[in-house]
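A.B. asks: For reference, the structure I am asking about is given below.
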Amino acid sequence: MTTSRKPGKAERQRELGQMIGNVSRAWRYEINQRLKPFGLNQSMQQVLMQLHRNPEGLFQRELARRLGIEGPTLVRLLDQLEKQELIRRVASPDDKRMKYSLLTPKAARQVALIEDAMSELRSVMMQGLSSDEIEAGLEIMQRMHQNLLEHDEYCMQQGQEKA
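Residue numbering for the sequence shown follows this note's numbering, beginning at 1454 and increasing consecutively.
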């Protein structure tokens, strides 16, 4: 005779952690598939969206911090985007050694197409979820993120102070 046991908290936490990873990988894969026709990937898209949200431009150090990536990784992305004429790098008038990045007019057109593709993908991912479920999921993910931000190692890697 088999008895069904309810999974314990630790087991459910492990499953939730795995599911977060699974959703993240599937999301990244789908984004990359949708961006491929534009000659972009998710990393490049994230750079473009940060610059779109900051039309005055961002210094490379600040952009790397916001994206949670190392400077050399960002430089490679910026090189690729500059080659595609989607960004331009400008020396700071105050310190010629410091550069900030700006979107080009060509990028503005691309960003609109990217936003449409991302909106469509979000709709696919959240199909069948109620507004209440989306709100609850958002609150849970925000709490998990805050827990990680309060963890010393994560804060140091992201260049953030503990909350």
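Built from N, CA and C at the ideal position, the CB exists for glycine as well.
If you check the beta carbons only, do Leu1556 and His1505 fall under 8 Å apart?
C.D. replies: Residue numbering aside, residue 1556 sits at position 103 when the sequence shown is read from its first letter. Residue numbering aside, residue 1505 sits at position 52 when the sequence shown is read from its first letter. Yes, the Cβ-Cβ distance between Leu1556 and His1505 is below 8 Å.
A.B. asks: Determine the contact status of Gln1471 and Ile1484, defining contact as a CB-CB distance below 8 Å.
C.D. replies: Position 18 of the sequence shown, counting from 1, holds the residue named residue 1471. Position 31 of the sequence shown, counting from 1, holds the residue named residue 1484. No.
A.B. asks: So within the region 1470-1555, which uninterrupted beta strand (DSSP E) runs reach at least 3 residues, ignoring any that extend past its ends?
C.D. replies: DSSP runs (the beta strand (DSSP E)) wholly in the region 1470-1555: 1540-1544.
A.B. asks: Okay, do the region 1505-1516 and the region 1538-1556 touch, 3+ Cβ pairs below 8 Å being the bar?
C.D. replies: Counting Cβ pairs under 8 Å, three or more are found: they touch.
A.B. asks: Roughly how far, in whole angstroms, is the beta-carbon of Leu1527 from the beta-carbon of Leu1501, given that I think they are within contact range, below 8 Å?
C.D. replies: Taking the sequence shown and counting its residues from 1, one reaches residue 1527 at position 74. Taking the sequence shown and counting its residues from 1, one reaches residue 1501 at position 48. About 13 Å; that fails the 8 Å criterion.
A.B. asks: Please state whether DSSP places Glu1573 in a helix, a strand or coil.
C.D. replies: Numbered from its first residue, the sequence shown carries residue 1573 at position 120. Correct three-state label for Glu1573: helix.
A.B. asks: Which residue's Cα is closest to the Cα of Gly1474: His1604, Glu1603, Leu1602, Met1594?
C.D. replies: Stepping through the sequence shown from its first residue, residue 1474 is reached at position 21. Among His1604, Glu1603, Leu1602, Met1594, the Cα nearest to that of Gly1474 is on Met1594.
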